[in-house]
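Number of protein chains: 2
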Amino acid sequence: MTGKQFSSVWLREPRKATSPGLSREEIVNAAVALLDEEGLAGLSMRKLGARLQAGATSLYWYVSHKDELLELIYDRVWGEMSMPEPEDVGWREAASALARSMRIVMLRHPWSADLLGRMPALGPNALQVADRLRRIFISAGFEGIDVEYAGSALTAYIYGMTIPEVAWNTVMGEHQYNADEMRAQVARAVKDFPGMLERVNLQAYDDPQAIRETAFDFGLTSVLDGLERRLTT
Amino acid sequence: MTGKQFSSVWLREPRKATSPGLSREEIVNAAVALLDEEGLAGLSMRKLGARLQAGATSLYWYVSHKDELLELIYDRVWGEMSMPEPEDVGWREAASALARSMRIVMLRHPWSADLLGRMPALGPNALQVADRLRRIFISAGFEGIDVEYAGSALTAYIYGMTIPEVAWNTVMGEHQYNADEMRAQVARAVKDFPGMLERVNLQAYDDPQAIRETAFDFGLTSVLDGLERRLTT
DNA sequence: ACAACCCTCGCACACTGTACGAGTGGATTT
DNA sequence: AAATCCACTCGTACAGTGTGCGAGGGTTGT
Numbered sequence: 006m007t008g009k010q011f012s013s014v015w016l017r018e019p020r021k022a023t024s025p026g027l028s029r030e031e032i033v034n035a036a037v038a039l040l041d042e043e044g045l046a047g048l049s050m051r052k053l054g055a056r057l058q059a060g061a062t063s064l065y066w067y068v069s070h071k072d073e074l075l076e077l078i079y080d081r082v083w084g085e086m087s088m089p090e091p092e093d094v095g096w097r098e099a100a101s102a103l104a105r106s107m108r109i110v111m112l113r114h115p116w117s118a119d120l121l122g123r124m125p126a127l128g129p130n131a132l133q134v135a136d137r138l139r140r141i142f143i144s145a146g147f148e149g150i151d152v153e154y155a156g157s158a159l160t161a162y163i164y165g166m167t168i169p170e171v172a173w174n175t176v177m178g179e180h181q182y183n184a185d186e187m188r189a190q191v192a193r194a195v196k197d198f199p200g201m202l203e204r205v206n207l208q209a210y211d212d213p214q215a216i217r218e219t220a221f222d223f224g225l226t227s228v229l230d231g232l233e234r235r236l237t238t
Numbered sequence: 006m007t008g009k010q011f012s013s014v015w016l017r018e019p020r021k022a023t024s025p026g027l028s029r030e031e032i033v034n035a036a037v038a039l040l041d042e043e044g045l046a047g048l049s050m051r052k053l054g055a056r057l058q059a060g061a062t063s064l065y066w067y068v069s070h071k072d073e074l075l076e077l078i079y080d081r082v083w084g085e086m087s088m089p090e091p092e093d094v095g096w097r098e099a100a101s102a103l104a105r106s107m108r109i110v111m112l113r114h115p116w117s118a119d120l121l122g123r124m125p126a127l128g129p130n131a132l133q134v135a136d137r138l139r140r141i142f143i144s145a146g147f148e149g150i151d152v153e154y155a156g157s158a159l160t161a162y163i164y165g166m167t168i169p170e171v172a173w174n175t176v177m178g179e180h181q182y183n184a185d186e187m188r189a190q191v192a193r194a195v196k197d198f199p200g201m202l203e204r205v206n207l208q209a210y211d212d213p214q215a216i217r218e219t220a221f222d223f224g225l226t227s228v229l230d231g232l233e234r235r236l237t238t
C-alpha cells in the first residue's frame with residue numbers, strides 16, 4: 006500500500022566521514038566548479054569523476070543518484086546568500102537585501118536558476134534562509150499563516166524575475182549576438198502588434214543590465230509596498 | 006567576427022505545407038499528448054516518432070533540433086491562456102484573470118513549468134499574451150518603460166509562485182506519499198529552527214490545494230496593490 | 001591469521017539527440 | 001512518355017548519458 010517513499014538526502018544519515026580520499030565536500034566543490042565552467046548540461050558523472058581523478062561510479066558511494074548530488078549542490082547555493090537580521094536593519098531593508106542577494110547568487114551561478122524552486126529545500130543552508138525569511142515577516146508584523154504567504158510572495162517574485170533574466174543571459178551568451186541585427190529580427194516577428202514595436206525600440210539604446218536592475222528594484226518595491234499595505238488595514 | 010547567430014523557429018520561414026503525412030501541427034499535438042502523459046523526461050524523439058507511426062529521424066525534416074520542437078510546444082501552451090480585454094473588465098480584473106489563467110495552464114501541463122520563462126517567447130501566441138499584458142498596464146495608467154516593468158513584475162510573480170507549486174506536485178505525485186509520515190520527517194529536518202516547526206504544523210490539517218490557491222491570491226493582491234500605488238504618487 | 005568493513009571501479013545495459021546518406025513516390029519539366 | 005527534380009522518410013551509426021552489478025583492494029578489529 007505504501008508506495009515509493011518521498012526521499013531526500015537530508016532525510017537520512019550521511020555516511021561516516023572516515024574516508025581519506027573523496028568526500029561529499031570535495032565532490033560538491035568539484036561539481037560546482039564544473040557547473041560554473043560548463044553549465045548544467047556539462048555536469049556528467051563521468052566528467053565529474055575525471056576531475057576528481059576517480060572513476061565515475063565511485064561517486065555513487067557518496068550519493069545514491071545524480072539527483073541527490075544536485076540536492077547537495079543546491080544547498081551550497083543557498084549558503085552563498087547573505088541577509089542581514091531584520092532586527093538590525095528593519096524588515097523592509099532585510100527583505101530587499103535578501104532579494105538582491107538571491108538575484109546576485111543566481112546570476113553568478115546561472116545553472117542554479119534551473120534548480121531553485123524545483124526541488125524540496127531541506128538542506129541546512131536553505132533552512133537558514135527560510136528561517137530568516139520567516140523572521141523578517143514576523144518582525145514586519147505578520148501573523149499565523151500570513152507569514153508564509155508573504156514569504157512565498159517575495160521569493161516567488163525573486164525567482165520569477167531572475168529565472169528569465171538568467172535564461173536570457175545564457176541564450177545571448179551562447180550565441181555571439183549582434184544587438185542591432187537581433188533587434189531587427191525581433192521587430193519583424195512582432196510586426197503584427199504595433200504597440201510592441203515601440204516597446205522593443207524603447208530599450209534599444211540603453212544598457213540592458215542597468216535596465217534589468219531597475220526593473221528588479223521597481224518590482225521589488227511594488228511587492229514590498231503591496232505586502233506592507235496588508236499590515237495597515 | 007559574427008559568431009553563431011541567435012536563432013529561433015519563429016525567425017525563419019516554415020516549410021511549405023504540402024505534405025500529406027506529417028506536419029508541424031500533428032507533431033506538436035502528439036508531443037503535447039506525450040508530455041501530458043509522461044512528463045518532460047518522457048519526451049524523446051523516438052517515442053514521439055513511434056506515436057506518429059514514423060521514424061524518429063523523420064521529425065528532423067520539420068524541425069531542426071529538439072529545442073525547436075520545444076519552442077513550438079512552448080507557444081502552444083501560451084495559446085491556452087485566456088484573458089479578458091482590460092477595456093471590458095478593468096485592468097485589475099484583467100490582470101488577475103490572466104494571472105490565474107497562467108497558473109491553471111501550468112498546473113494542467115506540469116512540464117510547461119520547465120519551459121516558461123526559459124526560452125525566448127517569440128511565437129504568435131506568446132506575443133498575443135505579451136501584447137494583452139502591455140495593454141492591461143497601459144490602461145492602468147502606466148507610461149513608457151514602466152509598462153514593461155509592471156508587466157515583468159506580474160509575470161515574475163506568477164512564474165515564481167507556480168513553478169515551485171508544480172515541482173511540489175510532481176515530487177509528491179511520483180512518490181506515493183503518506184502525509185503524516187512525511188511531515189514527521191520534515192519536522193526532524195527542521196528541528197534546529199524552533200519557529201519553523203510551528204510553521205510546518207500550521208499547514209498540517211488543511212487541504213494543501215486550497216492553501217496554495219489562497220497563497221496565490223494573497224500574493225497576487227499584494228503585487229497588484231503595490232503596482233497600483235505607483236500610479237497614485 | 002582471518003574476517004569484516006569501507007571504498008573504488010570496469011563493464012555492461014538501455015537510453016538519449018542527431019548527422020549522414022540512401023531510398024521512395026509523386027509532380028514537373030522536357 | 002521519359003527524364004528530372006524534389007519533398008519527404010528512415011535505417012544505421014556515433015558519441016554521449018545515468019547507473020546496477022560484482023569483483024577487487026586496503027585498512028581495521030579480533
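Line by line, the protein sequences are chains F and X.
Under the working numbering, the residues of the first sequence are numbered 6 to 238, in order.
Under the working numbering, the residues of the second sequence are numbered 6 to 238, in order.
We put the CB at the ideal spot given by N, CA and C, even for glycine.
Item: With distances taken Cα to Cα, identify the nearest neighbour of Arg-105/X among Gln-133/X, Thr-160/X and Asp-197/X.; Value: Thr-160/X
Item: Listed from N- to C-terminal order along the chain, which residues in the region 160-171 of chain X have their beta-carbon within a distance smaller than 7 Å of any beta-carbon of chain F?; Value: Thr-160, Ala-161, Tyr-162, Ile-163, Tyr-164, Gly-165, Met-166, Ile-168 and Pro-169
Item: Quick one: is Val-110/X near chain F, going by C-beta distance under 9 Å?; Value: no
Item: With a threshold of 9 Å between beta carbons, is Ile-216/F in contact with chain X?; Value: yes
Item: Take Trp-66/X as the anchor and find which of Ser-28/X, Leu-53/X and Val-94/X has the nearest alpha-carbon.; Value: Ser-28/X
Item: How long is the line joining the alpha carbons of Met-111/F and Leu-39/F, rounded to whole angstroms?; Value: 16 Å
Item: Have a look at Met-300/F and Glu-92/X and give me their C-alpha separation to the nearest angstrom.; Value: Nothing can be reported for residue 300/F, as the shown portion of chain F is limited to 6 through 238.
Item: Under 8 Å by Cβ, that's how I've got Ser-157/F and Gly-224/X pegged, so tell me the actual separation to the nearest angstrom.; Value: 6 Å
Item: Helix or strand or just coil, what does DSSP make of Leu-75/F?; Value: helix
Item: Give the C-beta separation of Ala-220/F and Ala-172/F to the nearest angstrom, bearing in mind that I take them to be a contact with Cβ-Cβ under 8 Å.; Value: Rounded, the Cβ-Cβ distance is 15 Å, inconsistent with contact.
Item: Suppose contacts are defined by Cβ-Cβ distances below 9 Å. Is Leu-15/F in contact with Gly-84/F by that definition?; Value: Reading off the sequence shown, one finds Trp at residue 15/F, where the question assumed Leu. Going by C-beta atoms, Trp-15/F is not nearer than 9 Å to Gly-84/F.
Item: Considering Cα atoms alone, identify which of Glu-153/F, Thr-175/F and Asn-174/F is closest to Met-166/X.; Value: Glu-153/F
Item: Tyr-154/F touches chain X at which residues, Cβ-Cβ below 7 Å?; Value: Ala-220, Phe-223 and Gly-224
Item: Chain X partners of Ser-227/F, CB-CB under 8 Å?; Value: Ala-155, Ala-158, Val-228, Gly-231, Leu-232, Arg-234 and Arg-235
Item: Rounding to the nearest angstrom, what Cα-Cα distance links Arg-204/X and Glu-203/F in this structure?; Value: 47 Å
Item: Closer than 9 Å, CB to CB, is Met-50/F near chain X or not?; Value: no
Item: What's the call for Gly-8/F, buried or exposed, on a 16-neighbour Cβ count within 10 Å?; Value: Reliability fails at Gly-8/F, whose pLDDT of 44 lies under 50, so the model's placement of it is uncertain and the value that follows must be treated cautiously. Answer is exposed; the Cβ neighbour count stays below 16.
Item: Closer than 9 Å, CB to CB, is Leu-16/F near chain X or not?; Value: yes
Item: Go ahead and pull the three-state DSSP assignment for Lys-196/X.; Value: coil
Item: Can you find the residues in the same chain that come closer than 7 Å, C-beta to C-beta, to Ser-144/F, ignoring five residues on each side of it along the sequence?; Value: Pro-91, Glu-92 and Trp-96
Item: Please decide whether Phe-142/X counts as near chain F, where near means a Cβ-Cβ distance under 9 Å.; Value: no
Item: Between which two residues does the alpha helix (DSSP H) carrying Glu-42/X extend?; Value: 29-43
Item: Name the chain F residues that come within less than 8 Å of Ile-78/X, Cβ to Cβ?; Value: Within 8 Å Cβ-Cβ: nothing; Ile-78/X doesn't reach chain F, min ~16 Å.
Item: State yes or no: is the C-beta of Asn-206/X within less than 9 Å of the C-beta of Ala-194/X?; Value: no
Item: Are any of the Cβ atoms in chain X nearer than 9 Å to that of Gly-95/F?; Value: no
Item: According to DSSP, simplified to helix, strand and coil, what is Val-171/X?; Value: helix
Item: One question on the structure: do Ile-150/F and Gln-208/X come within less than 9 Å of each other, judged by their Cβ atoms?; Value: yes
Item: Do we get a CB-CB distance below 9 Å when we pair Val-82/X with the residues of chain F?; Value: no
Item: Go through its chain and collect everything with a Cβ distance to Tyr-79/F's Cβ below 8 Å, but skip five positions before and after it.; Value: Ser-117, Leu-120, Leu-121, Met-124, Ala-126, Gly-128 and Ala-131
Item: I'd like the ranges of any alpha helix (DSSP H) spanning at least 4 consecutive residues and lying wholly in the region 122-156 of chain X.; Value: 129-145
Item: What do you get for Glu-76/X, buried or exposed, if any count of 16 or more other CB atoms within 10 angstroms of its CB means buried?; Value: buried
Item: So is Asp-151/X in contact with chain F if we call contact Cβ pairs under 9 Å?; Value: yes
Item: Return the chain-ordered list of same chain residues with a C-beta closer than 6 Å to the C-beta of Arg-137/F, the five sequence neighbours on each side being excluded.; Value: Met-88
Item: Less than 8 Å between C-beta atoms, sequence neighbours within five positions excluded: which residues of the same chain meet that for Thr-175/F?; Value: Gly-44 and Pro-115
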